[in-house]
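At the far end of the sequence shown sits residue 852, using my numbering, and the numbering has no gaps. Cβ atoms here follow ideal geometry from the backbone N, Cα and C, with glycine treated the same way. Worksheet for the structure shown next.
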Amino acid sequence: MWQTPSLPARPAIILLVILLFADCPMRAGADPGNPLPWGYELWLKFAPVSDSVLASQYRASLEGIVMEPVGATQEIAYRELTEGIGNMLSRPLLPRTTTSGGNLLVAATLDRLPTRFREFLGERKIPAEGFLIREVADGPRKHILLTAADDAGLLYGAYRLLRLVQTHRPLSGLDQLDAPKARLRMLNHWDNLDRSIERGYAGFSIFNWHTLPDFRDPRYEDYARANASLGINATAVTNVNANALVLTEAYIDKARALADIFRPYGIRLYLTARFSAPMEIGGLDTADPLDPRVSAWWRDKAGEIYRAIPDFGGFLVKANSEGQPGPQNYGRSHREGANMLADALGPFGGNVIWRAFVYSEEDPEDRAKQAYSEFAPEDGKFRDNVLLQVKNGPIDFQPREPIHPLFGAMPETPLLVEFQITKEYLGFATHLAFLPKLFEEVLQTDTYREGPGSTVARVVDGSLHGKALSGMAGVANIGTDINWTGHPFGQADWYGFGRLAWDPYLSSGQLAEEWVRATFGNDPVLVASLKDMMLRSREAVVNYMNPLGLHHLFDTGHHYGPGPWVDDLSRPEWNPVYYHQADASGIGFDRSATGSNAVAQYAPELATRYGSLETCPEEFLLWFHHVPWDYRLRSGHTLWEGLGLKYQEGVDTVVGMLADWQELESRLPQEVYRDVSMRLQIQLREARWWKYACMQYFRTFSGMDFPQGMEPPEHPLEYYKALRFPFAPGIRPRWN
Ligand code: BDP
C-alpha cells in the first residue's frame with residue numbers, strides 16, 4: 117500500500133496521537149493503515165479513489181510529475197501533490213525530468229515555466245495568489261499544467277488539483293483559472309494567553325504561549341496547512357479582548373516562532389493590540405492617541421515587532437466596546453485612535469483592523485444603530501491602511517440578523533466582513549448548524565447602495581467601490597480537541613468560511629458537497645443525504661431558538677440556552693427583554709419610522725421593505741416591528757400560533773436530521789456515527805427546551821392557549837427559569 121502522508125510535522129503528530137490514545141482500546145471503524153483518530157486530518161485525508169474506473173483514468177492522466185520546487189512554499193506544494201495524489205491513486209507520483217515520458221503533471225511558477233507551456237495561458241493573466249490548472253496537448257501527450265504567478269498561487273493550485281481528484285472531478289478538458297477575490301482572508305482567534313478561549317467550545321487554545329518559542333507543536337504546522345488549503349492568508353492569534361502582555365519582548369519572540377511556521381503557508385500573523393498597552397507595559401501615564409509620547413511608543417513597538425516578524429500583518433483592535441479601553445477614554449474618536457496606530461504600522465506595510473462592534477452604556481440609542489452612527493460619518497477620514505471590521509449583522513452574530521447597515525455605506529473605507537464560525541449563538545459544539553448557509557445568505561443580500569446588485573459579496577471582494585483592500589474575517593471554532601472543532605460538522609464551518617473568503621459567490625450547496633466528499637468519501641447516498649441535512653440545519657436552529665426575527669433571547673453571560681425573561685442586568689441592552697419587548701399588546705422591537713427608525717440606516721429600497729409591516733419579510737418581522745399577538749401572518753395563522761409552530765418546526769427538523777443520520781449508520785465510520793448521534797440527541801433535547809421555555813414565557817403576555825400542532829411544554833415556566841449553568845464553556849475570564 118502507498119504510504120500515508122509524511123509531511124515534516126506528521127511523524128511527530130502520529131507519535132503525539134499514539135501517546136494521547138495509548139490507553140484507548142482499538143477504535144472501531146479506524147482505518148488500520150492510518151493511526152490518526154478520525155477528524156484530525158480534516159478535509160485533507162486524500163483517501164484512495166474508491167471507484168476503480170475513475171482511479172485508472174486518473175492514473176493514466178497523472179503518470180508522473182515534473183516539478184523543481186524552489187523555496188519552502190513550493191516544497192510544500194510539491195510534497196502535497198506527490199503524497200496526496202500518490203495516496204489517492206494508490207501508487208507513487210514519481211518525479212520526471214522531462215515531459216516526454218508520459219501524461220504528466222507539470223507544475224511551476226510562470227517565471228520558470230518553459231515558453232511552450234506559457235503559451236497555453238493565451239491572453240489571460242494570472243492574478244496574485246491565483247493559478248491556472250489546464251489540460252494541455254504536447255505532441256502525443258496530454259499533461260496537466262499547474263502554474264501561478266507566485267508561490268502562494270502555486271500552493272493554492274496544488275490544493276485545488278488535490279480537491280478535484282478527491283471529489284472525483286474529471287481532469288480531461290480541465291481549464292480552471294482562479295484567484296482569490298479578496299486580499300484579506302482571515303481567522304480571528306479569541307484565544308487568551310492562558311489558553312482559555314472566549315466562546316470556544318473545542319477545548320483549549322492550540323497556541324501554547326508558555327512553551328513557545330522553543331516548543332513548536334506540530335499542530336501549528338497542521339493548522340497552517342489546513343488554512344492554506346482553503347486560501348486563508350491571515351490569522352490574528354489572540355483575543356480581541358486583548359492582554360497587553362502579548363506586545364512585550366518575550367511574547368513578540370513567541371509570536372515570531374508562530375509567524376515563521378505560518379509564512380511558507382502564505383499566512384501572515386496579526387496580533388490584537390490593547391489600546392492601553394502604553395500604560396500597562398510601556399510605563400506611560402496615558403494612552404491618549406494624540407499625546408506624542410503615546411504615538412512614539414507605538415512607533416517603537418511596531419519597529420520592534422517588524423524586526424522580529426518582517427511580514428507581520430498588523431493589529432486587530434477592539435476599542436471602547438464592552439469595557440475595553442480606547443481613544444474615547446481621552447475624548448478622542450475611533451478615527452483618531454485608528455489613524456495613530458496606522459501611522460505606526462504604515463512604514464512597515466502593516467494594517468490596522470479596527471472593529472466596528474461598538475455600543476455604549478451611556479447611549480440610550482437602539483443598540484442596532486450605534487455602530488453606523490459612530491462610523492458612517494467618518495468615511496474617507498481613515499488612513500489607507502485602516503480596515504473597518506464589521507460584524508455580519510447590527511447586533512451580535514445571532515442565528516439570523518438582517519445585514520449590517522454599514523455594508524456599502526462607507527465607499528472610501530476598506531472593509532472586512534466579520535462572521536462568527538464558533539457557535540456562541542447557534543448551539544456551541546453540540547448542535548449541527550451548517551454556517552455557510554448563514555454566510556451565503558448575508559453575502560448574497562443586496563445592500564442597494566449602488567443600485568440593484570450591490571451585494572455584500574461585492575463589499576467583501578471590494579468590487580462595489582473599487583477597493584484594493586477588503587475581505588472576510590471569521591472568529592475561529594478551533595481548539596485542542598483531536599478533531600479540532602468539537603462537533604465533527606464544525607469542520608465544515610471552518611471549511612466553508614475559508615472557501616467563501618476565497619470566493620464569496622460560492623453556494624452553500626457546493627460547499628456542503630465538497631466538504632462531505634473530502635471528509636466522508638464519494639458514496640452518492642451519503643453525499644446526497646448529508647448535504648441535504650446540512651442545508652436544512654441552520655434554519656432549524658433559527659426556528660427553535662429565535663424565529664420570526666426574534667433575537668438575543670440567550671441566557672446571561674454564557675449564552676447557553678434560553679433566558680428571554682432576564683431583565684435585571686445593569687445595562688439595558690444586556691437584557692433579552694430589551695430585544696423582544698413582549699407585552700400584552702404584542703412582541704418585537706419597533707425599528708420602523710414609528711420606533712427607533714433603524715431602518716433609515718439602510719438604502720431606501722431596504723428601508724422601505726423592512727419599514728412596512730406589509731413588505732417586511734417574515735423572517736425579520738419581530739426584528740423591525742412590534743406586532744400584535746393576533747396579527748395575521750401570511751400563512752393565515754395568528755402571530756401567536758405562527759410563533760409556536762415555528763418553534764415546533766425547528767424541533768421537527770432536528771427529529772428528521774436524527775432519523776436521516778441513523779439511516780446512514782452502515783455507511784459511516786462508527787466513531788463519527790456515535791459521536792454525531794449523541795450530539796444530535798443533545799440538540800433535540802435543547803431544541804425542545806428552547807421551544808418550551810420561550811413559549812411558556814411568551815404566553816404570560818399573549819395569554820393565549822398553545823397552538824394546535826405544538827407539543828405542550830413539559831414543565832412550568834418556573835422550572836426553566838430556575839435552570840443554572842455556572843460552568844457552561846466559553847465565558848470570558850474575569851481578568852480581561
Ligand atoms: C460577543 C461575545 C463577546 C465578544 C464580543 C466581541 O459575547 O464574548 O467579546 O462579541 O465580538 O459576541 O467583541
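- The beta carbon of E438 sits closer than 7 Å to at least one heavy atom of the ligand BDP.
- Fewer than three Cβ pairs drawn from the region 269-289 and the region 314-322 lie within less than 8 Å of each other, which leaves the two stretches out of contact.
- CA-to-CA, the gap between E787 and N599 works out to about 12 Å.
- A distance below 6 Å between beta-carbons, with the five flanking residues on each side excluded, links V767 to the following residues of its chain, in chain order: Y660, A803, R804 and K807.
- Annotated three-state conformation of Y386 is strand, per DSSP.
- Straight-line spacing of the CA atoms in D699 and T538 works out to 33 Å.
- Non-local beta-carbon contacts of L220 in its own chain, meaning distances under 8 Å to residues more than five positions away in sequence, involve L178, E179, G180, I181, V182, R212, R257, H259 and I260 in chain order.
- Beyond the five residues adjoining it in sequence on each side, R471 comes within less than 6 Å, by CB distance, of K434 and Q505 in the same chain, given in chain order.
- Here Q607 is buried. Its C-beta has 16 or more other C-beta atoms within 10 Å.
- I313 carries a strand assignment under DSSP once its states are collapsed to helix, strand and coil.
- The shortest C-alpha to C-alpha distance from P380 to any of K417, P405 and D427 is the one to D427.
- In this structure, the beta-carbon distance from F491 to N455 does not fall below 8 Å.
- Rounded to whole angstroms, the separation of the alpha carbons of R748 and E517 is 23 Å.
- Distances from the CB of E802 to the heavy atoms of the ligand BDP are all 7 Å or more.
- For the pair V576 and Q536, the CB atoms are not nearer than the 8 Å cut-off.
- Non-local beta-carbon contacts of D671 in its own chain, meaning distances under 7 Å to residues more than five positions away in sequence, involve G677, P678, G679 and V682 in chain order.
- The region 369-444 contains, as complete beta strand (DSSP E) runs of 3+ residues, the segments 384-388 and 430-433 (chain order).
- Secondary-structure assignment with DSSP links T283 through no beta bridge to anything.
- Scanning its chain for C-beta atoms nearer than 6 Å, with the 5 sequence neighbours on each side dropped, one finds around A525 the residues A492, in chain order.
- With a threshold of 7 Å, the Cβ atom of V356 counts as near the ligand BDP, since some heavy atom of the ligand is closer than that.
- For R516, the CB stays at least 7 Å from every heavy atom of the ligand BDP.
- With a threshold of 16 other beta carbon atoms within 10 Å, R390 meets it and is buried.
- The C-beta distance from G587 to A617 rounds to 7 Å, short enough to meet the 8 Å contact threshold.
- Listed in chain order, the non-local C-beta contacts of A373 below 7 Å within the same chain comprise L328, P329 and R332, local neighbours out to five positions each way being set aside.
- With respect to A844, H603 sits apart: the two C-beta atoms are not nearer than 8 Å.
- With a 10 Å radius around the Cβ and a threshold of 16 neighbouring Cβ atoms, E655 comes out buried.
- For S728, the closest C-alpha among the options D746, W745, R707 and P744 is that of R707.
- In this structure, A573 is the residue among A573, F822, L548 and E566 with its C-alpha nearest to the C-alpha of F555.
- In the structure shown, the three-state DSSP call for D706 is coil.
- Rounded to the nearest whole angstrom, the C-alpha separation of G578 and S624 is 21 Å.
- H326 counts as exposed, since fewer than 16 other beta carbons sit within 10 angstroms of its beta carbon.
- Judged by DSSP secondary structure, D291 falls outside any alpha helix (DSSP H) and instead within the beta strand (DSSP E) spanning D291 to D294.
- Taking a cut-off of 8 Å for Cβ pairs, the region 630-640 and the region 276-289 touch, as three or more such pairs fall below it.
- Annotation for D338: the continuous alpha helix (DSSP H) segment containing it runs P334 to L346.
- Annotation: the continuous alpha helix (DSSP H) that includes Q173 extends over S168 to S177.
- A direct Cα-Cα distance of roughly 6 Å separates P552 from F613.
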